[in-house]
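Step one of this worksheet: look at the structure below.
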Amino acid sequence: MRLIASTLTLFTLTQITLCSAAWAGDLMALKATKVYVGNGEVLEHAVILIEDGKIITIGEDLPIEAGIPVLELDEDQVVMPGMIDAYSRLGSSDNGPNGTNPQVMAAEGFYPNSNMKDFLEAGVVTVGYYPPGRGIPGQ
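Numbering (the numbering used here), first residue to last: 18 to 156.
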């Protein structure tokens, strides 16, 4: 089920990105049956207005002016602000102590100079995090 949700989100984000590039500098609308806003609110029959690749407004059944390109998602597609998977090495360093070291603090393995900011500025909203240690934290 998680794989299906991830695939749908990736597909939706890809469509939005492609449409944003196609109409760069213009206004476009995205119509979705369900939108998770990110603050706990879920909108039904939502319209998302996008300008210059950025969301400018979201609402239920918003009117769309004539001439604005509209991308209508399938009923089973859901829009959400992004997902986090707690299994990625982004921001962590493999240069720390090896083996099982219960005295080592997690902060010692964090690499603050990673390229996370570059990913964010490039528009990446889904990042996974998994610590070093072959999938077993603390190893």
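For each residue, glycine too, the CB sits at the ideal point set by N, CA and C.
This one's a predicted model, so the numbers in the text were calculated from it and none came from an experiment.
Using only CA atoms, which one of the options lies nearest to residue i?
{"i": "Val64", "options": "Leu47, Val95, Glu92 and Asp91", "result": "Leu47"}
{"i": "Gly76", "options": "Ile85, Gly99 and His62", "result": "His62"}
Is the separation between the beta-carbon of residue i and that of residue j shorter than 9 Å?
{"i": "Thr50", "j": "Val95", "result": "yes"}
{"i": "Gly57", "j": "Met97", "result": "no"}
{"i": "Val52", "j": "Leu44", "result": "no"}
Taking 8 Å as the cut-off, is the C-beta of residue i nearer than that to any heavy atom in the ligand PLP?
{"i": "Val64", "result": "By its list of ligands, the structure shown contains no ligand whatsoever, and the ligand PLP lies outside what it can speak to."}
Taking all protein chains shown into account, decide if residue i is buried (16 or more other Cβ within 10 angstroms of its Cβ) or exposed.
{"i": "Ile67", "result": "buried"}
{"i": "Glu82", "result": "exposed"}
Nearest-angstrom Cα distance between residue i and residue j?
{"i": "Gln120", "j": "Asp93", "result": "48 Å"}
{"i": "Gly99", "j": "Glu89", "result": "19 Å"}
{"i": "Pro80", "j": "Thr74", "result": "12 Å"}
{"i": "Ile72", "j": "Asp135", "result": "20 Å"}
{"i": "Asp78", "j": "Gly84", "result": "17 Å"}
{"i": "Asp91", "j": "Gly70", "result": "21 Å"}
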